[in-house]
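Contents: one structure, followed by commentary.
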Amino acid sequence: MGIGEIILTAFALAMDAFSVAICNGLSAKKSTFKQAAATAIFFGGFQALMPLLGFYIGKQFEDIITPIDHWIIFFLLAFIGVKMIMESSSCEVESNAFALKNLFSLAVATSLDALAVGISFAWLKVNIIVAVLFIGVITLVLSFLGVKIGTYLGSKFKTCSERIGGVVLILIGLKILLEHLGVLPF
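Residue numbers (my numbering): 1156 to 1341.
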């Protein structure tokens, strides 16, 4: 696997985190640099950690994780999405999307596919350090931008953005589930 393929893989892995970061931004009336940075660090950190972990786990747990990773992702994102919708009794309520426990849950949910990629890296001729650095940095930058884009869109359109963010999280989880079940093409 060459550097170009590693970069493409990094962007592909970062897309879920980017989408969820936009949802976090949508759910906030205003996001601070600190909130965007915390989201970026959680998401980028987990996206880098998971392939590294997967690389070292390799074949040992492939049979256990791969068949159920899509279910884990779906249930985590659906749970968080439903929670966001239920907590948005009014559009004026400030979201708790940047709470550490929520960032942790979202970071884990969006990085499980990176764990599976890391497992596959174990069998390919991949420089794991280079791969992890690209995956982490690209996810970090896109997640930071995602929060800012989401905040801009949420304040611009004055919608019940927390509800929209919750629905989008559920749809992302459903998309991942349906792809892995073969209902939707990858």
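Ideal Cβ placement from N, Cα and C applies to all residues, glycine included.
### Counted within 10 angstroms of its Cβ, other Cβ atoms place Pro-1206 as buried (16 or more) or exposed
The residue you call residue 1206 lines up with position 51 of the sequence shown. Under this definition Pro-1206 is a buried residue.
### Message
Between Lys-1185, Lys-1184, Ala-1203, which has its C-alpha nearest Val-1296's C-alpha?
### Response
Taking the first residue of the sequence shown as position 1, residue 1296 is located at position 141. Closest by alpha carbon: Ala-1203.
#### Entry: N- and C-terminal bounds of the alpha helix (DSSP H) containing Ser-1275
Indexing the sequence shown from 1 puts residue 1275 at position 120. Judged by DSSP secondary structure, Ser-1275 falls within the alpha helix (DSSP H) whose first and last residues are 1255-1276.
### Query
Can the beta-carbon of Asp-1268 be found closer than 9 Å to that of Asp-1224?
As a working mapping, residue 1268 is identified with position 113 in the sequence shown. As a working mapping, residue 1224 is identified with position 69 in the sequence shown. Yes, the pair counts as a contact, with Cβ atoms nearer than the cut-off.
### Task
Please classify Lys-1185: does DSSP put it in a helix, a strand, or coil?
Translated into the one-based positions of the sequence shown, residue 1185 becomes position 30. Coil, per DSSP.
### Query
Val-1237 by DSSP, collapsed to three states: which one?
Here residue 1237 corresponds to residue number 82 of the sequence shown, with the count starting at 1. DSSP places Val-1237 in helix when its eight states are reduced to three.
### Task
Specify whether the region 1288-1295 and the region 1181-1191 touch according to this definition: at least 3 beta carbon pairs, one from each stretch, less than 8 Å apart.
Remark: fewer than three beta-carbon pairs, one from each stretch, lie closer than 8 Å, so the region 1288-1295 and the region 1181-1191 are not flagged as touching.
### Query
Candidates Thr-1187, Thr-1265, Ile-1274, Gly-1213: which alpha carbon is nearest Leu-1300's?
On the sequence shown, residue 1300 is found 145 positions in, with the first residue counted as 1. Checked all of Thr-1187, Thr-1265, Ile-1274, Gly-1213; the closest Cα to Leu-1300 is Thr-1187.
### Message
Quick check on Pro-1206: does DSSP put it in helix, strand or coil?
### Response
Taking the sequence shown and counting its residues from 1, one reaches residue 1206 at position 51. Three-state DSSP puts Pro-1206 in a helix.
### Message
For Phe-1259, count the other beta carbons within 10 Å of its own beta carbon; 16 or more makes it buried, fewer makes it exposed. Which is it?
### Response
In the sequence shown, residue 1259 corresponds to position 104, counting from 1. By the neighbour-count rule (16 or more Cβ atoms within 10 Å), Phe-1259 is not buried but exposed.
### Task
State the Cα-Cα distance for the pair Val-1281 and Ala-1167, rounded to the nearest angstrom.
Here residue 1281 is taken as the residue at index 126 of the sequence shown, counted from 1. Here residue 1167 is taken as the residue at index 12 of the sequence shown, counted from 1. Cα atoms of Val-1281 and Ala-1167: separation of roughly 17 Å, rounded to the nearest angstrom.
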